[in-house]
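Notes follow once the structure below has been shown.
Numbering (our numbering), first residue to last: 62 to 208.
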């Protein structure tokens, strides 16, 4: 079940969202809602704090893909359905500074992509079919990584 709190249409950039994982972990995600924001993603970031992530949102469901061009950190990636269920996942994607860079595909239709620090999938035991809760916010409180 995808729960939208502090809701506004996805087309409106709201800045951040709180992502609650099934095991109680909480992530603070930047939103990438436009084609250019999704394309740029987390490029050139030297690091993410333990509880940071980026949520790429799309206006509809479709086959999705990510690449690691100009990434400086490895990532775990979740592909999410319209209702927030994990429909695909990629663990430990390595940075790519050269060319060409590998493309990692969802394989099935997805509405959202969640990019986060490598290792979170393993640490949290996430698996396909798990449901995440997304709370869209203008202002988010300071949150602690993990539980």
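Each residue gets a CB set at the ideal place from its N, CA and C atoms; glycine is no exception.
Which value, in whole angstroms, describes the spacing of the CA atoms of residue i and residue j?
i: residue 131; j: residue 159; result: 8 Å
i: residue 140; j: residue 107; result: 23 Å
i: residue 117; j: residue 161; result: 23 Å
i: residue 127; j: residue 163; result: 9 Å
i: residue 67; j: residue 197; result: Low local confidence applies: a pLDDT of 39 at residue 67 is under 50, so the model's placement there is unreliable, with the coordinate-based value given in what follows. Distance between the alpha carbons of residue 67 and residue 197 is about 6 Å.
i: residue 170; j: residue 125; result: 7 Å
i: residue 104; j: residue 165; result: 16 Å
i: residue 142; j: residue 172; result: 5 Å
i: residue 109; j: residue 80; result: 15 Å
i: residue 203; j: residue 76; result: Only weak support is given to the placement of residue 203: the predicted model assigns it a pLDDT of 47, under 50, and the question is left unresolved by the model.
i: residue 97; j: residue 88; result: 23 Å
i: residue 174; j: residue 138; result: 7 Å
With a Cβ-Cβ cutoff of 9 Å, do residue i and residue j count as a contact?
i: residue 92; j: residue 78; result: yes
i: residue 99; j: residue 119; result: yes
i: residue 187; j: residue 150; result: yes
i: residue 115; j: residue 102; result: yes
i: residue 145; j: residue 181; result: no
Skipping 5 residues on each side, what residues in its chain have a beta carbon closer than 6 Å to that of residue i?
i: residue 136; result: 154, 176 and 179
i: residue 185; result: 82, 84 and 86
i: residue 189; result: 147
i: residue 168; result: 149
i: residue 152; result: 137 and 182
Excluding sequence positions up to five away, which residues of its chain have a Cβ less than 7 Å from the Cβ of residue i?
i: residue 156; result: 129, 132, 133, 134 and 135
For residue i, which residues in the same chain have their Cβ closer than 8 Å to its Cβ, ignoring the five residues on either side in sequence?
i: residue 113; result: 88, 89, 90, 91, 177 and 178
Contiguous alpha helix (DSSP H) assignments of at least 4 residues, all confined to the stretch 149 to 190: Within the stretch 149 to 190, the complete alpha helix (DSSP H) runs of at least 4 residues fall at 181 to 185.
Ordered list of beta strand (DSSP E) runs contained in the stretch 75 to 102, each at least 3 residues: Counting only runs of 3 or more, we get 77 to 81 and 87 to 93.
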